[in-house]
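Heads up, the sequence shown is in the working numbering, so the first residue is 163 and it goes up one at a time. A virtual CB, placed ideally from N, CA and C, is assigned to each residue, including glycine. These numbers were taken from a predicted model, which means no experiment stands behind them. Below you'll find the structure, written out as structure tokens, and then a few comments.
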Amino acid sequence: MLCACSGEQFKFEEPVPQSPESLATRDFSASGLSSSRTGDWESKFEDAQVDEVESTLKEALSLNYEEARALLGRLEYQRGNFDAALQVFQGIDIRSLSPRMTKAITERNRQRKSRSKAENVPAGLMSLHSVSLLLEAILLKAKSLEELGRIKEAARECNIIFDTVESAVPNGMPEGIGEDCKLQEMFHKALELLPKLWIQAGFLDEAITAYRRALIKPWNLDPRRLASVQKDLAATLLYGGVEASLPPQLQVWGPSTPKTNTEEAILLLFMLMKKVLHGEIEWDPEIMDHLIYALSVSGQFESLADHVEQVFPGTYNRAE
Numbered sequence: 163m164l165c166a167c168s169g170e171q172f173k174f175e176e177p178v179p180q181s182p183e184s185l186a187t188r189d190f191s192a193s194g195l196s197s198s199r200t201g202d203w204e205s206k207f208e209d210a211q212v213d214e215v216e217s218t219l220k221e222a223l224s225l226n227y228e229e230a231r232a233l234l235g236r237l238e239y240q241r242g243n244f245d246a247a248l249q250v251f252q253g254i255d256i257r258s259l260s261p262r263m264t265k266a267i268t269e270r271n272r273q274r275k276s277r278s279k280a281e282n283v284p285a286g287l288m289s290l291h292s293v294s295l296l297l298e299a300i301l302l303k304a305k306s307l308e309e310l311g312r313i314k315e316a317a318r319e320c321n322i323i324f325d326t327v328e329s330a331v332p333n334g335m336p337e338g339i340g341e342d343c344k345l346q347e348m349f350h351k352a353l354e355l356l357p358k359l360w361i362q363a364g365f366l367d368e369a370i371t372a373y374r375r376a377l378i379k380p381w382n383l384d385p386r387r388l389a390s391v392q393k394d395l396a397a398t399l400l401y402g403g404v405e406a407s408l409p410p411q412l413q414v415w416g417p418s419t420p421k422t423n424t425e426e427a428i429l430l431l432f433m434l435m436k437k438v439l440h441g442e443i444e445w446d447p448e449i450m451d452h453l454i455y456a457l458s459v460s461g462q463f464e465s466l467a468d469h470v471e472q473v474f475p476g477t478y479n480r481a482e
């Protein structure tokens, strides 16, 4: 059961026109889930989906308006009703909620660090469960927009997740935060999705910026995810056709700071090859393909030969 954050609770017995009850009744009725139509559920859903709907209804009893919208929107998204899901998600005023979400992450993280359960919780502070549910709503809204072909809008929605969490933890994701909820999982999914949306929308400079934001701070990405982001950034730098020099705040290597897209891509690919050789990630032929191309176009054939020699025996046959 998700924890309820502050705000007016569901009261199904009160027929207030704009209350969460009327919202839930209207949205569930529109989705074919009203009590008058429960008889045909078996013909419309698999047993697992029926169980999910029942669970959603039980959770909704302790949720406020925005969280109820998030659950209803998730249900519509899972059923493939992207228009309906988007309509439900648009009823959540995320921009006004974002400061509260940021404050909740900041305060909950501070309490976790102090390890004091006796600290007074600020009045109206959201739980991390509530924050996670709303982050998921933003993510699914972005995915719904993507499915409907509104890619640029999807990227902007996804960016809200990044901005909200980064404002709360500007130095990176602390270890152990949100262990009992989906906060970190939703954030990681947004990190991966955002640059891909910008690429689909044709904004390669924005995509490169998003990739760099995902890599410059410790966001607790697992090795596979981190390597995937590094590889995708290297590929975008090599083949994107947009020269995107590092901004001053990212030029942390002094004179050895990469000066071109190709140099930055080579640095990323060297890091990935090192991880492969140390067994941190699995062998990925695309990494070597990108590295061969990058070192070839930059004339670094001796370095290329060194890296080919480091490849595990049997990876390439003699002809290759």
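Exercise for the section: For Gln346, collect the residues of the same chain with a Cβ closer than 8 Å to its Cβ; drop the 5 residues on either side in sequence, then sort them by chain order. Expected result: Stepping through the sequence shown from its first residue, residue 346 is reached at position 184. Excluding residues within five positions, the ones whose Cβ falls inside 8 Å are Met335, Ile339, Gly340 and Asn382.
Problem - Coil, strand or helix - Ala397 by DSSP - result: Indexing the sequence shown from 1 puts residue 397 at position 235. Correct three-state label for Ala397: helix.
Problem - When Gly403, Asp446 and Lys436 are compared against Gln472, the one with the closest alpha-carbon - result: Numbered from 1 along the sequence shown, position 310 holds the residue referred to as residue 472. Checking every option, the nearest Cα to that of Gln472 belongs to Lys436.
Practice task
Report the residue from Phe365, Phe349 and Gln240 whose alpha carbon sits nearest the alpha carbon of Leu301.
Solution key: Here residue 301 refers to the residue found at position 139 of the sequence shown. With distances taken between Cα atoms, Leu301 lies closest to Phe349.
Practice task
Along the alpha helix (DSSP H) that carries Ser458, what are the first and last residues, could you check?
Solution key: Residue mapping note: residue 458 aligns to position 296 of the sequence shown, counting from 1. Per DSSP, Ser458 belongs to the alpha helix (DSSP H) from Pro447 to Val459.
Exercise for the section: Determine, using beta carbons only, whether Gln392 and Leu439 come nearer to each other than 7 Å. Expected result: For the purposes of this step, residue 392 is taken as the residue at position 230 of the sequence shown. For the purposes of this step, residue 439 is taken as the residue at position 277 of the sequence shown. Result no, Cβ atoms of Gln392 and Leu439 do not sit closer than 7 Å.
Problem - Inter-residue Cα distance where the pair is Gln249 and Arg374 - result: Along the sequence shown, one-based indexing puts residue 249 at 87. Along the sequence shown, one-based indexing puts residue 374 at 212. Rounded to the nearest angstrom, the two C-alpha atoms are 32 Å apart.
Handout entry: DSSP three-state assignment for His469, whether helix, strand or coil
Key = Numbered from 1 along the sequence shown, position 307 holds the residue referred to as residue 469. Here His469 sits in helix by DSSP.
Practice task
Round the Cβ separation of Leu307 and Ala316 to the nearest angstrom and send it over; I've been treating them as touching at under 8 Å.
Solution key: As a position in the sequence shown, residue 307 is number 145, starting the count at 1. As a position in the sequence shown, residue 316 is number 154, starting the count at 1. 4 Å between Cβ atoms; contact.
Problem - Coarse secondary structure for Asn423, derived from DSSP in three states - result: As a first step, residue 423 is located in the sequence shown; it is residue number 261 there, counting from the start. In the structure shown, Asn423 sits in a helix (DSSP, three-state: H, G or I).
Problem - Under 7 Å between C-beta atoms of Leu355 and Cys320 - result: As a first step, residue 355 is located in the sequence shown; it is residue number 193 there, counting from the start. As a first step, residue 320 is located in the sequence shown; it is residue number 158 there, counting from the start. Their beta carbons are under 7 Å apart, which means Leu355 touches Cys320 by this criterion.
Exercise for the section: Kindly indicate if chain C contains any beta-carbon less than 7 Å away from that of Ser460. Expected result: Among the chains of the structure shown, chain C does not appear; only one protein chain is present.
Problem - Glu309 vs Phe251 beta-carbon contact at 7 Å - result: Sequence index remark: in the sequence shown, residue 309 carries index 147 (1-based). Sequence index remark: in the sequence shown, residue 251 carries index 89 (1-based). Going by C-beta atoms, Glu309 is not nearer than 7 Å to Phe251.
Problem - alpha helix (DSSP H) segment containing Met348, residue limits - result: The count along the sequence shown starts at 1 and reaches residue 348 at position 186. Unbroken alpha helix (DSSP H) run through Met348: Leu345 to Ala363.
Handout entry: Inter-residue spacing [alpha-carbon to alpha-carbon] between Gln362 and Asn423
Key = As a position in the sequence shown, residue 362 is number 200, starting the count at 1. As a position in the sequence shown, residue 423 is number 261, starting the count at 1. Answer to the nearest angstrom: the Cα atoms are 20 Å apart.
Problem - Pairwise C-alpha distance: Leu295 and Leu359 - result: On the sequence shown, position 197 is the one that residue 359 refers to. On the sequence shown, position 133 is the one that residue 295 refers to. Using only the alpha carbons, I get a separation of about 22 Å.
Practice task
Keeping to the same chain, check which residues put their C-beta closer than 6 Å to that of Arg199; ignore five residues upstream and five downstream.
Solution key: For the purposes of this step, residue 199 is identified with residue 37 of the sequence shown, where counting begins at 1. Since pLDDT at Arg199 reaches only 45, below the 50 mark, its modelled position is unreliable, and the value read off the structure follows with that caveat. Once the five neighbours on either side are set aside, Arg199 has no close Cβ partner at all.
Handout entry: Start-to-end residues for the alpha helix (DSSP H) that takes in His112
Key = For residue 112 there is no data in the structure shown, the boundaries of the chain being 163 and 482.
Exercise for the section: Please state whether DSSP places Ile254 in a helix, a strand or coil. Expected result: Here residue 254 refers to the residue found at position 92 when the sequence shown is read from its first residue. Reduced to three states, the DSSP call for Ile254 is coil.
Problem - Close-in-space but distant-in-sequence residues of the same chain around His452 (CB under 8 Å, 5 per side omitted) - result: Against the sequence shown, residue 452 aligns to sequence position 290. For His452, where only same-chain residues beyond five positions count, the Cβ hits under 8 Å are Lys393, Ala396, Ala397, Leu400, Ala427 and Leu431.
Handout entry: Candidates Val331, Ala372 and Glu337, of which the one nearest Arg318 by Cα
Key = Reading the sequence shown from its first residue, position 156 is the one you call residue 318. Looking at the Cα atoms, Ala372 is the closest of the given residues.
Problem - The alpha helix (DSSP H) enclosing Glu298, as first and last residue numbers - result: For the purposes of this step, residue 298 is taken as the residue at position 136 of the sequence shown. From DSSP, the alpha helix (DSSP H) with Glu298 extends over Leu290 to Glu309.
Exercise for the section: To the nearest angstrom, report how far apart Asp446 and Lys303 are at their CA atoms. Expected result: On the sequence shown, residue 446 is found 284 positions in, with the first residue counted as 1. On the sequence shown, residue 303 is found 141 positions in, with the first residue counted as 1. Straight-line Cα distance between these residues: approximately 33 Å.
Problem - Where Pro108 sits in the DSSP three-state scheme - result: What the structure shows of the chain is the stretch from 163 to 482, and residue 108 is not part of that stretch, so it cannot be assessed.
Problem - Proximity of Ile323 and Ala369 at Cβ, strictly below 7 Å - result: The residue you call residue 323 lines up with position 161 of the sequence shown. The residue you call residue 369 lines up with position 207 of the sequence shown. No.
Practice task
Starting from the Cα of Glu442, find the closest Cα among Phe365, Leu388, Leu259 and Gln462 and give me that residue.
Solution key: Position 280 of the sequence shown, counted from the first residue, corresponds to residue 442. Glu442 has its Cα closest to that of Leu388, out of Phe365, Leu388, Leu259 and Gln462.
Practice task
Quick one: grab the DSSP three-state call for Arg241.
Solution key: Residue numbering aside, residue 241 sits at position 79 when the sequence shown is read from its first letter. Looking at Arg241 - three-state DSSP - the assignment turns out to be coil, as it is neither helix nor strand.
Problem - Arg236 burial status per 10 Å Cβ neighbour count (16 or more: buried) - result: Locating residue 236 in the sequence shown gives position 74, counting from the first residue. Buried, since its Cβ has 16 or more Cβ neighbours within 10 Å.
Exercise for the section: Please classify Glu405: is it buried, with 16 or more other beta-carbons within 10 angstroms of its beta-carbon, or exposed? Expected result: For the purposes of this step, residue 405 is taken as residue 243 along the sequence shown, with counting starting at 1. So Glu405 counts as exposed.
Practice task
Pick out whichever of Leu434, Gly402, Ile256 and Lys421 has its Cα sitting closest to the Cα of Pro385.
Solution key: The residue you call residue 385 lines up with position 223 of the sequence shown. That would be Leu434, whose Cα lies nearest to the Cα of Pro385.
Practice task
Express the C-alpha separation of Pro410 and Ser418 in angstroms, rounding to a whole number.
Solution key: As a working note, residue 418 is residue 256 in the sequence shown. As a working note, residue 410 is residue 248 in the sequence shown. Approximately 13 Å between the Cα atoms of the pair.
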